[in-house]
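**Q**
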Amino acid sequence: PDLARRYGVEANAASIVMAGGFGAVMVAFPEWLMSLYTTDPSVISLGIVPLRVVGLFIFLYGPANVLPGVLRGAGDTRSALWIAIVALWFVRVPVAFVLTFGLGMGLLGLWLALGAGYVTRVLIATWLFVRGRWQAVEV
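The sequence shown begins at 140 in my numbering and counts up by one.
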């Protein structure tokens with residue numbers, strides 16, 4: 140259990156640093172990133188805001204996957220399942236619906252809902268990881 144905790148912390152930290160660096164590039168240089176894929180100015184223009192929004196949340200992508208992965212690897216598969224269910228069906232989908240249709244935010248609302256889902260996954264997974272009950276699960 141101690142080794143699993145240590146590797147979980149290290150993998151989590153590495154994912155935050157790597158994704159955070161790329162997120163900074165996404166926020167600072169979205170036009171340049173879009174120009175790697177297209178020369179159409181209208182497409183580049185459409186991609187700027189989503190890239191910036193994703194750039195703000197992308198550092199959470201690692202922990203949102205690493206921490207539930209540690210729980211699954213230790214045999215606590217139910218907690219990992221519930222993290223995914225709550226983040227997707229109780230946060231991401233309803234927030235996407237409200238932002239996109241209720242508040243008329245369109246595509247921006249969908250991207251913000253994605254970020255809300257990642258925040259939820261990370262908060263729940265961090266709480267469960269730190270609580271440590273996963274270390275007592277018999278595999």
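For glycine and all other residues, C-beta sits at the position ideal for the given N, C-alpha and C.
Determine, using beta carbons only, whether PRO199 and VAL258 come nearer to each other than 8 Å.
**A** Against the sequence shown, residue 199 aligns to sequence position 60. Against the sequence shown, residue 258 aligns to sequence position 119. Sequence inspection shows Leu at residue 199; the Pro mentioned does not correspond to that position. Taking 8 Å as the Cβ cut-off, LEU199 and VAL258 qualify as a contacting pair.
**Q** Can you list, in chain order, the residues of its chain whose CB lies under 8 Å from that of THR216, leaving out five sequence neighbours each side?
**A** Taking the first residue of the sequence shown as position 1, residue 216 is located at position 77. Once the five neighbours on either side are set aside, the close Cβ partners of THR216 are LEU210.
**Q** Taking contact to mean at least 3 C-beta pairs separated by less than 8 Å, is the region 218-230 in contact with the region 173-184?
**A** no
**Q** Is the distance from the Cβ of MET165 to the Cβ of GLY194 below 8 Å?
**A** Locating residue 165 in the sequence shown gives position 26, where the first residue counts as 1. Locating residue 194 in the sequence shown gives position 55, where the first residue counts as 1. In this structure, GLY194 lies closer than 8 Å to MET165 by Cβ.
**Q** Counting only the same chain and skipping the five closest in sequence on each side, list residues whose C-beta sits under 6 Å from that of LEU253.
**A** Here the question's residue 253 lines up with position 114 in the sequence shown. Result list for LEU253: empty, nothing under 6 Å.
**Q** Compute the Euclidean distance between the alpha carbons of ALA279 and GLY162, then round it to the nearest angstrom.
**A** Since the first residue shown for the chain is 140 and the last is 278, residue 279 is missing from the structure and cannot be characterised.
**Q** Could you round the C-beta distance between ALA203 and VAL261 to whole angstroms and report it? I think they count as a contact, below 8 Å.
**A** One-based indexing of the sequence shown puts residue 203 at position 64. One-based indexing of the sequence shown puts residue 261 at position 122. Yes, ALA203 and VAL261 are in contact; Cβ-Cβ is about 5 Å, under 8 Å.
**Q** Give me the Cα-Cα distance between ALA213 and ILE183, rounded to the nearest whole angstrom.
**A** Looking up residue 213 in the sequence shown gives position 74. Looking up residue 183 in the sequence shown gives position 44. So the alpha carbons of these two residues sit roughly 44 Å apart.
**Q** Are the CB atoms of LEU247 and VAL192 within a distance shorter than 8 Å?
**A** The residue you call residue 192 lines up with position 53 of the sequence shown. The residue you call residue 247 lines up with position 108 of the sequence shown. Their beta carbons are under 8 Å apart, which means VAL192 touches LEU247 by this criterion.
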